[in-house]
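Chemist: So that we are looking at the same thing, I have put the structure below in structure tokens.
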Amino acid sequence: MTFDEFNIDETLLDAISYMHFEKASPIQEKAIPVALEGRDVLACAQTGTGKTATFLLPILQDLVKNGAHGTTSLVIVPTRELAIQIDQELQGFSYFTNTNSKAVYGGDKGKDWDEQKKAFTEGTNVIIATPGRLIAHLRLGYVNFRHLRHLVLDEADRMLDMGFIDDIRQILSYVPAKRQTMMFSATMAPEIQKLAKTILNNPETIQIAIAKPAEGVTQSAYMAHPHQKIGLITHILAQHPDFESVLIFTSTKKNISSIVSAIKRAIRGIQVEGISSDFEQNDREEVLLRFRAKQTKVLVATDVLSRGIDIKGINLVINFDVPRDAADYVHRVGRTARADAKGEAITFISESDIPRFVRIETLIERSVDKLPLPPELGEAPEWKVVERKPRKKKFYGKGNRNKKSSGNHKPFFRKKKQNTEK
Ligand code: ADP
Ligand code: MG
Numbered sequence: 002m003t004f005d006e007f008n009i010d011e012t013l014l015d016a017i018s019y020m021h022f023e024k025a026s027p028i029q030e031k032a033i034p035v036a037l038e039g040r041d042v043l044a045c046a047q048t049g050t051g052k053t054a055t056f057l058l059p060i061l062q063d064l065v066k067n068g069a070h071g072t073t074s075l076v077i078v079p080t081r082e083l084a085i086q087i088d089q090e091l092q093g094f095s096y097f098t099n100t101n102s103k104a105v106y107g108g109d110k111g112k113d114w115d116e117q118k119k120a121f122t123e124g125t126n127v128i129i130a131t132p133g134r135l136i137a138h139l140r141l142g143y144v145n146f147r148h149l150r151h152l153v154l155d156e157a158d159r160m161l162d163m164g165f166i167d168d169i170r171q172i173l174s175y176v177p178a179k180r181q182t183m184m185f186s187a188t189m190a191p192e193i194q195k196l197a198k199t200i201l202n203n204p205e206t207i208q209i210a211i212a213k214p215a216e217g218v219t220q221s222a223y224m225a226h227p228h229q230k231i232g233l234i235t236h237i238l239a240q241h242p243d244f245e246s247v248l249i250f251t252s253t254k255k256n257i258s259s260i261v262s263a264i265k266r267a268i269r270g271i272q273v274e275g276i277s278s279d280f281e282q283n284d285r286e287e288v289l290l291r292f293r294a295k296q297t298k299v300l301v302a303t304d305v306l307s308r309g310i311d312i313k314g315i316n317l318v319i320n321f322d323v324p325r326d327a328a329d330y331v332h333r334v335g336r337t338a339r340a341d342a343k344g345e346a347i348t349f350i351s352e353s354d355i356p357r358f359v360r361i362e363t364l365i366e367r368s369v370d371k372l373p374l375p376p377e378l379g380e381a382p383e384w385k386v387v388e389r390k391p392r393k394k395k396f397y398g399k400g401n402r403n404k405k406s407s408g409n410h411k412p413f414f415r416k417k418k419q420n421t422e423k
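Position 39, counted from 1, in the sequence shown is what the working numbering calls 40; the numbers after and before it change by one each time, with no gaps.
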């Protein structure tokens, strides 16, 4: 469906078309009408499906229609990068309106603090804030949330992962009870549902399928021993000289600098940088800017970055190792093929990674092609799925009378159900 089928103001529709949004994404189609009614929303959809516009447009519609005095809307986000990104998208949508906004996040510059304080004291309409910095301002007493009517928790799953739950509860004590609350998450984990119960009021729950990488991503994998991985990167990049932006994920922060220097040694003159939560935020931003501007071709990052980065035109995501949490695979892979574009994701699987990769295949409900390692890199480890309940001779014996005989011999990644039969 197109955006003009929603009941939203012309000024917003104009901005939407300037931003080249043509069709609403499935989450937008389902959740925007509910949010426009002012109802609470719990929305769950994979990354890259357009959740930001899902909450920004209904908020802006309310502000355009009913006027905005003071701070009317608060968006809480896990990271500085995300705050900036949402603020930018908001500035696009609100271009033809009188709404103003401010991203509020931690940093070390006094100037930032003063500007943020000014945004609060002047009653900036939409505040997009990270929890810690927001609380620091709240404690000083000048934040006025009396006019607040929208509260959004974006990437709620990430915020829980990052241990922001107490901060969120504290923030809730400062906002009016009568408000519209919207919660967004990429996963519908039990903790998310628990949190939703306590902060949402009779919400409409909207869930778009289970987490699966966007359609446009081609996924494949290589079995590889750790010492073969740099050679494999060299091989892959040599195959795709046209790729401008390649994102490499690793689960371990301390691996980043060694991967970066190994790539530098292996491929002469390549522009490669690393980024992790250990970096100062300013440095992180600069690294991201260079990557966005395609000055840096290869960026090596950790999972913390996998949810926050929205960079168009990432051609390839390489998982240097298999993420511990299957949902992180979806987040990592979701960095490519943003919004209908095409992209590629390649995962390196070492022997010890196999069970984790099997969990991922279960989650995404498909098996990923395992490509043969280029012969010059030597012998690859074997892809061997250990069945959870190996079929035993006495399988049909007494103890298993209730079990159906079919299905149990299949590897459990095909369909979970088959093995959870009672
Ligand atoms: P999510 O929060 O679900 O991960 P985002 O809201 O960040 O996803 O959207 C991902 C990208 O898709 C952004 O660059 C956004 O501008 C773009 N986008 C979102 N909705 C649409 C749409 N309906 N049409 C085109 N592009 C869109
Ligand atoms: Mg988002």
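Beta carbons: idealized from backbone N, C-alpha and C, even for Gly. Owing to the predicted nature of the structure, the values given are computational and were not obtained by experimental measurement.
Measuring only the C-alpha atoms, how far is Val301 from Glu90?
Modeler: Along the sequence shown, one-based indexing puts residue 301 at 300. Along the sequence shown, one-based indexing puts residue 90 at 89. Roughly 26 Å separates the two Cα atoms.
Chemist: Going straight from the alpha carbon of Ala120 to that of Trp114, what length do you get?
Modeler: Here residue 120 is taken as the residue at index 119 of the sequence shown, counted from 1. Here residue 114 is taken as the residue at index 113 of the sequence shown, counted from 1. Those two C-alpha atoms are separated by around 10 Å.
Chemist: Note the first and the last residue of the continuous beta strand (DSSP E) segment covering Gln92.
Modeler: Within the sequence shown, the letter at position 91 stands for residue 92. From DSSP, Gln92 is part of no beta strand (DSSP E) but of the alpha helix (DSSP H) over Arg81 to Phe94.
Chemist: Cα separation between Glu23 and Lys343?
Modeler: The count along the sequence shown starts at 1 and reaches residue 23 at position 22. The count along the sequence shown starts at 1 and reaches residue 343 at position 342. Glu23 and Lys343: Cα-Cα distance of roughly 18 Å.
Chemist: Identify which residue in Phe292, Asp304 and Cys45 has its Cα closest to the Cα of Asn316.
Modeler: The sequence position of residue 316 within the sequence shown is 315, counting from 1. Among Phe292, Asp304 and Cys45, the Cα nearest to that of Asn316 is on Phe292.
Chemist: Where DSSP assigns a beta bridge to Leu300, which residues make up the other side?
Modeler: As a working note, residue 300 is residue 299 in the sequence shown. According to DSSP, Leu300 bridges with Leu248 and Glu274.
Chemist: Comparing the CB of Gly49 with every heavy atom of ligand 1, is any distance shorter than 8 Å?
Modeler: Taking the sequence shown and counting its residues from 1, the one referred to as residue 49 is at position 48. At least one heavy atom of ligand 1 is nearer than 8 Å to the Cβ of Gly49, so yes.
Chemist: From this set, Ile365, His151, Gly71 and Asn145, which residue's C-alpha is nearest Gln181's C-alpha?
Modeler: As a working note, residue 181 is residue 180 in the sequence shown. For Gln181, the nearest C-alpha among the options comes from His151.
Chemist: CA-CA distance, Ser407 and Val105?
Modeler: Residue 407 sits at position 406 when you count from the first residue of the sequence shown. Residue 105 sits at position 104 when you count from the first residue of the sequence shown. Unreliable positioning characterises Ser407 in this predicted model, as indicated by a pLDDT of 37, which lies under 50. A coordinate reading is not provided.
Chemist: Can you grab the Cα-Cα spacing for the pair Lys66 / Asn8, in whole Å?
Modeler: Counting from one through the sequence shown, the residue named residue 66 turns up at place 65. Counting from one through the sequence shown, the residue named residue 8 turns up at place 7. In a straight line, the C-alpha of Lys66 is about 11 Å away from that of Asn8.
Chemist: How long is the line joining the alpha carbons of Glu6 and Glu205, rounded to whole angstroms?
Modeler: Position 5 of the sequence shown, counted from the first residue, corresponds to residue 6. Position 204 of the sequence shown, counted from the first residue, corresponds to residue 205. Glu6 and Glu205: Cα-Cα distance of roughly 20 Å.
Chemist: Starting from Glu287, trace the alpha helix (DSSP H) in both directions and tell me its first and last residue.
Modeler: Position 286 of the sequence shown, counted from the first residue, corresponds to residue 287. Note, Glu287: alpha helix (DSSP H), Gln282 to Arg293.
Chemist: Could you tell me which of Gly49, Phe244 and Val334 sits nearest to Thr219, measuring between CA atoms?
Modeler: Numbered from 1 along the sequence shown, position 218 holds the residue referred to as residue 219. When only C-alpha atoms are compared, the closest one is Val334.
Chemist: Excluding the 5 residues preceding and the 5 following Pro356 in the sequence, name in chain order all residues of the same chain whose CB lies nearer than 8 Å to its CB.
Modeler: One-based indexing of the sequence shown puts residue 356 at position 355. These residues qualify, in order along the chain: Val387.
Chemist: Hey, would you say the C-beta of Lys119 is under 8 Å away from at least one heavy atom of ligand 2?
Modeler: Translated into the one-based positions of the sequence shown, residue 119 becomes position 118. Every heavy atom of ligand 2 is 8 Å or more from the Cβ of Lys119, so no.
Chemist: According to DSSP, is Met184 helix, strand or coil?
Modeler: Residue 184 sits at position 183 when you count from the first residue of the sequence shown. The answer is strand: DSSP assigns Met184 an E or B state.
Chemist: Under 8 Å: does the beta carbon of Leu83 sit that close to some heavy atom of ligand 2?
Modeler: Counting from 1 along the sequence shown, the entry for residue 83 is found at position 82. Under cutoff, so the answer is yes.
Chemist: Nearer than 8 Å: is that true of the beta carbon of Thr122 relative to any heavy atom of ligand 2?
Modeler: For the purposes of this step, residue 122 is taken as residue 121 along the sequence shown, with counting starting at 1. For ligand 2, not one heavy atom lies less than 8 Å from the Cβ of Thr122.
Chemist: Taking only three categories from DSSP, how would you classify Asp155?
Modeler: Within the sequence shown, numbered from 1, the residue matching residue 155 stands at position 154. Residue state, collapsed to three classes: coil.
Chemist: Please report how far the alpha carbon of Pro59 lies from the alpha carbon of Met183, in whole angstroms.
Modeler: In the sequence shown, residue 59 corresponds to position 58, counting from 1. In the sequence shown, residue 183 corresponds to position 182, counting from 1. Distance between the alpha carbons of Pro59 and Met183: 11 Å.
Chemist: Please return the same chain residues whose Cβ sits closer than 8 Å to the Cβ of Phe280, not counting the five positions on each side in sequence.
Modeler: Indexing the sequence shown from 1 puts residue 280 at position 279. Val288.
Chemist: Using a Cβ-based criterion (distance less than 8 Å to any ligand heavy atom), does Phe185 qualify as near ligand 2?
Modeler: Numbered from 1 along the sequence shown, position 184 holds the residue referred to as residue 185. Result yes, Cβ under 8 Å from ligand 2.
Chemist: Assuming Ser221 contacts Ile347 (C-beta within less than 8 Å), just tell me the rounded distance between them.
Modeler: The sequence position of residue 221 within the sequence shown is 220, counting from 1. The sequence position of residue 347 within the sequence shown is 346, counting from 1. That pair is a contact at about 5 Å.
Chemist: Check whether the Cβ of Glu427 sits closer than 8 Å to any heavy atom of ligand 2, and report yes or no.
Modeler: Outside the displayed range of the chain (2 to 423) lies residue 427, so it cannot be described from this structure.
Chemist: Which ranges would you report for the beta strand (DSSP E) in the stretch 104–169 if only whole runs of at least 3 residues count?
Modeler: You should have 127–130 and 151–154.
Chemist: Compute the distance between the beta-carbons of Asp304 and Asp326, then report whether it is under 9 Å.
Modeler: Position 303 of the sequence shown, counting from 1, holds the residue named residue 304. Position 325 of the sequence shown, counting from 1, holds the residue named residue 326. A contact, by the Cβ cut-off of 9 Å.
Chemist: Confirm, please, whether the CB-CB distance from Lys298 to Val369 is below 9 Å.
Modeler: For the purposes of this step, residue 369 is identified with residue 368 of the sequence shown, where counting begins at 1. For the purposes of this step, residue 298 is identified with residue 297 of the sequence shown, where counting begins at 1. Their beta carbons are not under 9 Å apart, which means Val369 does not touch Lys298 by this criterion.
Chemist: Tell me the DSSP secondary structure of Lys195 in three-state form.
Modeler: As a working mapping, residue 195 is identified with position 194 in the sequence shown. In the structure shown, Lys195 sits in a helix (DSSP, three-state: H, G or I).
Chemist: Let me know the secondary structure DSSP gives Ala381 once reduced to three states.
Modeler: Indexing the sequence shown from 1 puts residue 381 at position 380. Looking at Ala381 - three-state DSSP - the assignment turns out to be coil, as it is neither helix nor strand.
Chemist: Please identify the residue among Thr98, Val76, Asp15 and Thr253 whose C-alpha is closest to the C-alpha of Leu61.
Modeler: Locating residue 61 in the sequence shown gives position 60, where the first residue counts as 1. The shortest C-alpha separation from Leu61 is found at Thr98.
Chemist: Which residue from Leu238, Gly51 and Thr337 puts its Cα closest to that of Met20?
Modeler: In the sequence shown, residue 20 corresponds to position 19, counting from 1. Considering only alpha carbons, the answer is Gly51.
Chemist: Kindly identify the DSSP beta-bridge partner or partners of Thr55.
Modeler: Numbered from its first residue, the sequence shown carries residue 55 at position 54. According to DSSP, which records beta bridges pairwise, Thr55 is partnered with nothing at all.
Chemist: Give the secondary structure of Lys393 by DSSP, where H, G and I count as helix, E and B as strand, and everything else as coil.
Modeler: The residue you call residue 393 lines up with position 392 of the sequence shown. Confidence at Lys393 is low in this model, with a pLDDT of 47, below 50, so the placement of that residue should be treated as unreliable; the coordinate-derived value is given next. Of the three classes helix, strand and coil, the one that applies to Lys393 here is coil, per DSSP.
Chemist: Can you tell me whether DSSP reads Phe321 as helix, strand or coil?
Modeler: Taking the sequence shown and counting its residues from 1, the one referred to as residue 321 is at position 320. Coil, per DSSP.
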